[in-house]
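Written below as structure tokens is the structure these notes are about.
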């Protein structure tokens with residue numbers, strides 16, 4: 001089984017510039033691959049597989065040597081992401097999701113998620129360093145011992161608001177876990193019951209008990225609503241009495257004039 005650990009990082013201005021340069025190269029490859037898939041379907045009514053596009057990468061980089069600044073497996077990771085997006089789209093369509101939309105082209109203001117596999121980074125003394133050839137600025141970030149003991153398979157550099165990189169930067173570390181080693185039966189079981197007036201009621205084999213009552217915002221607002229209604233009713237009563245006296249006064253005035 002594979003799990004993901006998310007770690008916040010704080011890149012410098014120079015490192016962000018490097019990330020933008022890498023992102024731009026990844027974005028162009030992504031858009032080219034997407035256009036290739038769309039053209040193949042529109043003209044030939046066929047689907048393009050990931051392996052077909054991966055095999056085109058060496059020739060693409062030979063014709064466009066500026067893309068050698070990006071670690072080669074990173075570009076393969078971008079193609080895998082596009083392939084996964086298409087698989088997800090077709091799955092939604094198959095399940096009857098009418099709102100499903102195919103992958104779209106990425107604009108230049110969009111900071112791409114940058115994937116690295118095992119050979120594209122190294123972790124030493126609590127520092128993770130990523131491979132690139134954009135400049136001499138190292139993509140190194142302190143992660144302390146947060147990845148210690150993990151069988152790391154892939155790391156992605158992510159911004160949680162990718163438009164103009166307005167969000168926070170994170171590392172998403174994917175690592176393998178042996179399921180058999182993670183489960184231990186301590187003979188301590190817990191029973192949980194979901195309800196309406198009490199959203200959770202639970203008890204374990206040691207007799208420990210807890211419950212969570214369902215929030216009742218109406219208990220706060222009901223007295224205030226009642227007070228407002230009371231004032232409204234009072235005002236209505238005063239208005240009725242005033243109108244009654246006004247009517248009596250007008251009638252008396254009318255009688256006086258008739259005399």
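In UniProt numbering, the protein residues as written are 1 to 259. A virtual CB, placed ideally from N, CA and C, is assigned to each residue, including glycine.
- Taking each of 32, 189, 225 and 20 in turn and checking the Cα distance to residue 105, the smallest one comes out for 32.
- As a beta-bridge residue in DSSP terms, residue 6 pairs with 172.
- By the beta-carbon neighbour count (other beta carbons within 10 angstroms, threshold 16), residue 111 is buried.
- DSSP places residue 41 in the helix class (H, G or I) of the three-state scheme.
- Rounded to the nearest whole angstrom, the CA to CA distance from residue 90 to residue 213 is 42 Å.
- In terms of CA proximity to residue 158, 20 leads the group 20, 13 and 14.
- Between residue 54 and residue 79, the CB-CB gap stays under 9 Å.
- At least 9 Å separates the beta-carbon of residue 7 from that of residue 150.
- Annotation: the continuous beta strand (DSSP E) that includes residue 154 extends over 151–159.
- Secondary structure of residue 115 (DSSP, three-state): strand.
- If you check the CB distance, residue 24 and residue 108 come in under 9 Å.
- The continuous beta strand (DSSP E) containing residue 124 extends over residues 121–124.
- If you draw a 10 Å sphere on the C-beta of residue 87, you find fewer than 16 other C-beta atoms in it, and that means exposed.
- Residues 202 and 204 of the same chain have their beta carbon placed closer than 7 Å to that of residue 190, with the five preceding and five following residues left out of the count.
- Under DSSP, no beta-bridge partner is assigned to residue 229.
- A distance below 9 Å separates the beta carbons of residue 82 and residue 103.
- With 16 or more other CB atoms across the displayed protein chains lying within 10 angstroms of its CB, residue 27 is buried.
- In this structure, the alpha-carbon of residue 211 lies about 9 Å from that of residue 193.
- DSSP places residue 97 in no beta strand (DSSP E); its state is neither H nor E.
- DSSP places residue 109 in the coil class of the three-state scheme, outside both helix and strand.
- Leaving aside the five residues that flank residue 135 on each side, the residues in its chain whose CB is nearer than 7 Å to its CB run, in chain order, 18.
- In this structure, the CA atom of residue 52 is about 12 Å from the CA atom of residue 58.
- For residue 213, the uninterrupted beta strand (DSSP E) run begins and ends at 209–213, by DSSP.
- For residue 139, the enclosing beta strand (DSSP E) covers residues 139–142.
- The DSSP-derived three-state label of residue 16 is helix.
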